[in-house]
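Residue 1 is where the sequence shown starts when you use the UniProt record's numbering, and the numbers rise one by one after that. First the structure, in the form of structure tokens, and then the observations on it.
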Amino acid sequence: MKSHNAHFPRLLHRTAHAWRLAIDNRLKETGLSLASWVAVSAIADAEQTQPWTQKQLAAFLGLETASLVPLLHRLEQQNLIRRETPVADKRQKLLLTTPQGKALYRQVKIEADALRNELLSYVSEPDLDTTWRVLDTLLQAAEAKQR
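Below is the structure:
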């Protein structure tokens with residue numbers, strides 16, 4: 001085993017952490033954290049086809065539904081999302097963005113996209129393709145180990 005293999009998980013973690021901090025810093029003026037932004041973004045994106053339930057969003061974010069509830073409550077208090085009970089199944093809560101949430105989503109998406117493009121500009125296109133394949137392979141392998 002190459003010596004850097006032992007440090008790979010730490011590098012991956014540190015890279016993800018630094019990326020999150022860069023986004024948090026860029027979003028500071030909006031009042032959103034990365035967690036809030038990812039939730040609003042996922043809700044807004046899903047809403048275009050079929051609104052997600054709290055359970056679906058929790059699975060997407062890798063959270064327990066109970067851990068997601070306080071975040072959703074804060075987003076509701078900020079008037080960025082609303083929870084709607086469908087007539088067909090009163091046990092579910094569909095997640096929808098409010099007009100204010102949609103406007104903030106569009107504004108923040110511009111900032112997040114610009115930061116992503118700025119950070120990725122340091123990496124060549126072939127290296128990005130390789131990185132994508134490697135990370136996708138690792139994700140699939142890790143998810144298979146969870147089953």
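We treat Cβ as the ideally placed atom computed from N, Cα and C, and that holds for glycine. The structure displayed is predicted, hence computed values, not measured ones.
- Per DSSP, L68 is one residue of the alpha helix (DSSP H) stretching across T65 to Q77.
- In terms of Cα proximity to K28, the closest of E64, R14, E111 and E84 is E111.
- Contact annotation: V38 and L68 have beta-carbon atoms that are not nearer than 8 Å.
- Secondary structure remark: continuous alpha helix (DSSP H) runs of at least 4 residues inside the UniProt domain "HTH marR-type" (5 to 140), in chain order: 34 to 47, 54 to 61, 65 to 77 and 99 to 120.
- Residue environment: W52 is assigned as buried (16 or more neighbouring CB atoms within 10 Å of its CB, all protein chains considered).
- Going by beta carbons, L115 and A22 fall inside the 8 Å limit.
- Fewer than three pairs of CB atoms, one per stretch, sit closer than 8 Å, so the stretch 1 to 16 makes no contact with the stretch 96 to 109.
- Pairwise C-beta distances place the stretch 43 to 58 in contact with the stretch 93 to 100, as three or more of them are shorter than 8 Å.
- Excluding the 5 residues flanking it on each side, A35 has same chain C-beta neighbours closer than 7 Å at L71, in chain order.
- Counting C-beta atoms within 10 angstroms of its own C-beta, A58 has 16 or more neighbours from the protein chains shown and is therefore classed as buried.
- Here T85 has Q92, K93 and L94 as same chain residues with Cβ atoms under 8 Å from its own Cβ, once five neighbours each way along the sequence are excluded.
- Here the alpha carbon of A142 sits roughly 16 Å from the alpha carbon of A6.
- Of the candidates E64, K90 and G31, G31 places its Cα closest to the Cα of N79.
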